[in-house]
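>
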Amino acid sequence: MASENGLVNLILASEDFTAEEFVRYHRFMGYEENIIKKLMAHGPVLLKGGRGTGKSALLREADRRLNENSGSSNALGIYLSLRHLPLLRTRGKQYENELLRILIDKISKVSIEKFSFIFEATPEVYEVHKELARLSEYIGKRIVLFFDDAAHIGREAALEEFFDVFRTLSSSNVSCKAAIYPGVTRFGNRFDIYNDANVVEISRREDQEDFDEFFYSIMQTRFPNELQERTFSKELNVREVASFFGQAVVGNVRSYVKACSILFNTEKTIGFPTLSEAMLELSSDYYWPMIEEVRLKIGIYEALIEPSQELATTIYQICGAKSATSCIIHRNLVNKMDKALEILEYTGFIARREVSRGMKSGGRGTRFVLNLCNLLEVISGSRLTKDLFDQWSNRDGEDIQFSQTSSVFSNIKWPEIPEDKMLSILELPIEKLKKSSVFPYGITDNKLEILKEQGYITVGKLAEASDDELLNIDGIGDKTVERFKSVLGQAIWM
Amino acid sequence: MTSVQHPLASLICGDIDNTHSESNIVFNRLSNTISKFSRKLLSLELIDEDDRELAPFYARNIIEGACSALLGRYDFFRLFSVYKVQSSSNYDITKRSNIALQWTGDILAASKAKEDMWNPENKLSDYDRALLGNHVGELLWKPGYLTLMDFLSNHSMTKTAWVENLEMRDERQFFEMSKTEAGKLFSAFSKGVHYEFLINADSIYDATTVQDYVIRMVQLLAELGLVSHCSGILVNNLSKEEAIYYFQETEELIKRWRLRTD
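Take a look at the structure:
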């Protein structure tokens, strides 16, 4: 992770941390510990959660713990990020080959370094399966493969192949664990979601036992200096603020770190006006732009961005009029608007809670909680008062219910979804990656010029370049290549 | 009952009255079995290899006992027949019993249900009475689950992780996941007690994995137990409040055990 300007808390994705920094900046409470244990244990697991919920951190931590005392451990963890552009561009057998090639490279490296074992397999799934069994016997340990960034919303064309590989490699001595996003529904004909994996869903709810402590510990870990320097008004204390902000961002860790960085980026005493300002800034400069940012990354569902924005506006206006922090949407409406709701979940506008709640008007629906930043924006006066703070902290008030016959969403036009579409971000000019508030470690003007002179004019072109190709360019060194990778990671991946 | 029952046993077997009827004898025995093995299981130290090897044996006894009790609460004829045969003077424990409860057949359906389960053209043999078969799923588990969800949403209570976990599913997911989870866990515990297992069992049944299996099993049984009291068609029902109390007590015991064995 880059640490220039001391902006450590602006690094929001766990993939960007070095091994040492990862340990230093991550905290896990009872809720997370339970998930980490499931990831370390034998057996296939799909870890499901939206953007910034901490999937990668949990996978990395499980891998780290398995390998921490490798001498006494019964298992070998192998962590593999699937942030590889070729995986986005291939389908069918070609995808399978690409995936297996990346996997073989990684296993070979680990097995040689740690056990002087030569892992020899061609990119054929049964070959890899057999060779993994041989490795497991040789080292006397079971093997846990962690596939990070395995499945994304809008990038589902190759998922059937991924889950085929996942299923075939899982055996009595090999467990596969993969991070997937909510809304991934294409598992292929051979993969049975109930039989072939245990699905663990990340959902940090405000009534969880460790919720307050978890968010307070993140604040302490990521913002120790700011906590010492800032004062809080006498009506508020730091733990209340940590907990309230955790609720405000519906339990999303990445959004929470962003919220804290905005909150502490002020010289003022932290009171209700400061909280208000930070929440409104988060709404206008983080959540709404995030939907736009996601547009470029969700391939076939790009056309759903406008309807999703309209859906969010409608839900927030209706709930905001009554300061309601949650709503129940009838099952039939949820089914009709499922992908748009997933986009809103994905971008942190809403979070799913009870899936099957009885409704006053009959039938059943899903209860969603709303993020309080966007809610504050639409309530009368857009100001967080002590009363509102107390009301929202206690989640007082009734849910707004959208019944089956509700017409409030009837004006939203739902477009046809194409079979396939490449991510738009790859076609954008390379200037998109310029250093900015979105990309604090973005590419400087000088490096942009150098890249353009060499013909790297689109994001996709740069993403396709190998390290060696880039290092051959005058003025580009190791550190710059790492920086390119980091910004490309942020731009292309979720 | 002869001793204080484990909360998991109370949740599974329900309210057994004090009369000396044969049904009470059967349910009390099952409750005692579940209690005894639950206590033994949750006193194990998984760091210890000997303890670890016992875990699948205890766990298998619990899952079989619990599923038998749940089965008997809606199909007492089936459970009672086994009891009667075992009580008969001709019963010989060295011989295979034709009427013994079978995991596949009594707990999991022996064959896949027809798409149209209630089609009048279906044969009698198409209707399956297995505890986690699709027919019982339609009649008992799914309606029971919805009743529980309605109860939870209308009553203010502290929501523990296990309650929240239940709420994150719909009735179909609850049933399908319970069915497959029961099959997987039974299989894992069975392999753990069979020593024809020739691959490296030490690394597969390590402390982390055994702990995970045990927690998953107790959670699954507690969920089935809780929902069983909401379907309205089983005997020995507890009130929903009592059932939730035992459910959360079981969760608390597991939480403490996890901390101790971590």
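The listed protein sequences derive, respectively, from chains E and Z.
Start counting the first sequence at 1; every next residue gets the next number (the working numbering).
Start counting the second sequence at 1001; every next residue gets the next number (the working numbering).
Even for Gly, the Cβ is constructed at its ideal location relative to N, Cα and C.
Computed from a predicted model, the values in this text were never measured in an experiment.
(1) Residue range of the beta strand (DSSP E) that residue 198 of chain E falls in?
(2) Do residue 1047 of chain Z and residue 1207 of chain Z have their C-beta atoms closer together than 7 angstroms?
(3) Sort E:310, E:298 and E:25 by Cα distance to residue 422 of chain E and report the nearest one.
(4) Are there any heavy atoms of the ligand ADP lying less than 6 angstroms away from the beta-carbon of residue 1096 of chain Z, as far as the coordinates show?
(5) Excluding the 5 residues flanking residue 1252 of chain Z on each side, which residues of the same chain have their C-beta closer than 7 angstroms to its C-beta?
(6) Tell me which residues of the stretch 136-155 of chain E have at least one Cβ-Cβ distance to chain Z shorter than 8 angstroms, keeping chain order.
(7) Identify each residue in the stretch 1036-1050 of chain Z for which the Cβ-Cβ distance to at least one residue of chain E is less than 9 angstroms, and report them in chain order.
(8) What does the Cβ neighbour count give for residue 91 of chain E, buried or exposed, with the cut at 16 atoms within 10 Å?
(9) Using a threshold of 7 angstroms, state whether the C-beta atoms of residue 1056 of chain Z and residue 1183 of chain Z are closer than that.
(10) What residues of chain E sit near residue 1063 of chain Z, judged by a beta carbon separation below 7 angstroms?
(11) Could you check whether the Cβ of residue 487 of chain E sits closer than 7 angstroms to any Cβ belonging to chain Z?
(12) Closer than 7 angstroms, CB to CB, is residue 355 of chain E near chain C or not?
(13) List the residues of chain E whose Cβ lies closer than 9 angstroms to the Cβ of residue 1157 of chain Z, in chain order.
(14) Give me the chain Z residues within the contact set of residue 189 of chain E, using Cβ-Cβ distance strictly less than 8 angstroms, ordered along the chain.
(15) Could you spell out where the alpha helix (DSSP H) holding residue 1038 of chain Z opens and where it closes?
(16) Taking residue 149 of chain E as the reference, which of E:143, E:15, E:233 and E:264 has the closest Cα?
(17) Whose CA, out of E:355, E:319, E:326 and E:322, lies closest to the CA of residue 335 of chain E?
(18) Pull up the DSSP beta-bridge partners for residue 1104 of chain Z, would you.
(19) Who are the neighbours of residue 338 of chain E on chain Z, taking C-beta pairs under 7 angstroms?
(20) When the distance is taken between beta carbons, is residue 168 of chain E closer than 7 angstroms to residue 125 of chain E?
(21) Using only the alpha-carbon positions, how far apart do residue 1004 of chain Z and residue 1058 of chain Z sit?
(22) Give me the Cα-Cα distance between residue 1001 of chain Z and residue 1018 of chain Z, rounded to the nearest whole angstrom.
(23) Excluding the 5 residues preceding and the 5 following residue 471 of chain E in the sequence, name in chain order all residues of the same chain whose CB lies nearer than 8 angstroms to its CB.
(24) Going by the beta-carbon positions, is the gap between residue 1230 of chain Z and residue 1160 of chain Z smaller than 7 angstroms?
(25) Distance check for residue 37 of chain E and residue 1131 of chain Z, CA to CA, integer angstroms please.
(26) Assess contact between the stretch 66-77 of chain E and the stretch 46-55 of chain E, defined as three or more Cβ pairs (one per stretch) separated by less than 8 angstroms. Is contact present?
(27) Quick check on the DSSP output: what are the complete alpha helix (DSSP H) runs of length 4 or more inside the stretch 1048-1121 of chain Z, in order along the chain?
(28) Please determine, among E:108, E:307 and E:183, the residue with the shortest C-alpha to C-alpha distance to residue 414 of chain E.
(29) For residue 345 of chain E, is the classification buried or exposed, using 16 other Cβ atoms within 10 angstroms of its Cβ as the cut-off for buried?
(30) Taking DSSP as the reference, what is the three-state secondary structure of residue 1160 of chain Z?
(31) Can you find a CB in chain Z that lies within less than 7 angstroms of the CB of residue 40 of chain E?
(32) Enumerate in chain order the residues of its own chain whose CB-to-CB distance from residue 416 of chain E is below 8 angstroms, with the five nearest sequence positions on each side excluded.
(33) Starting from residue 194 of chain E, find everything on chain Z with Cβ-Cβ shorter than 7 angstroms and list it in chain order.
(34) Please classify residue 9 of chain E: does DSSP put it in a helix, a strand, or coil?
(35) Would you say residue 1223 of chain Z faces chain E, with C-beta separation under 7 angstroms as the test?
(36) Would you identify the three-state DSSP class for residue 1230 of chain Z, choosing helix, strand or coil?
In short, the structure shows the following:
(1) First-last of the beta strand (DSSP E) with residue 198 of chain E: 198-201.
(2) yes
(3) E:298
(4) With respect to the ligand ADP, the structure offers nothing, as it holds no ligand at all.
(5) none
(6) 136, 137, 140, 141 and 142
(7) none
(8) exposed
(9) No. Outside cutoff.
(10) Simply none; closest approach about 16 angstroms.
(11) no
(12) Included in the structure are the protein chains E and Z, with no chain C among them.
(13) Correct list: empty, because the minimum Cβ distance to chain E is about 10 angstroms.
(14) Here the premise fails: no neighbours, minimum Cβ distance about 16 angstroms.
(15) 1022-1041
(16) E:15
(17) E:355
(18) Z:1108
(19) Per Cβ cutoff of 7 angstroms: no residues; residue 338 of chain E is ~13 angstroms from chain Z at best.
(20) Against a cut-off of 7 angstroms, the Cβ pair of residue 168 of chain E and residue 125 of chain E comes out as a contact.
(21) Roughly 19 angstroms separates the two Cα atoms.
(22) In this prediction, residue 1001 of chain Z scores a pLDDT of 46, lower than 50, which makes its location untrustworthy; no coordinate-derived value is stated.
(23) 477, 478 and 481
(24) no
(25) 30 angstroms
(26) No contact exists between the stretch 66-77 of chain E and the stretch 46-55 of chain E.
(27) 1049-1074 and 1076-1087
(28) Out of E:108, E:307 and E:183, E:307 has the C-alpha closest to the C-alpha of residue 414 of chain E.
(29) By the neighbour-count criterion, in which 16 or more other beta carbons inside 10 Å mark a residue as buried, residue 345 of chain E falls on the buried side.
(30) Correct three-state label for residue 1160 of chain Z: coil.
(31) yes
(32) 303
(33) Here the neighbours are 1176, 1177 and 1180.
(34) In this prediction, residue 9 of chain E scores a pLDDT of 41, lower than 50, which makes its location untrustworthy; the coordinate-derived value is nonetheless stated afterwards. Correct three-state label for residue 9 of chain E: helix.
(35) no
(36) coil
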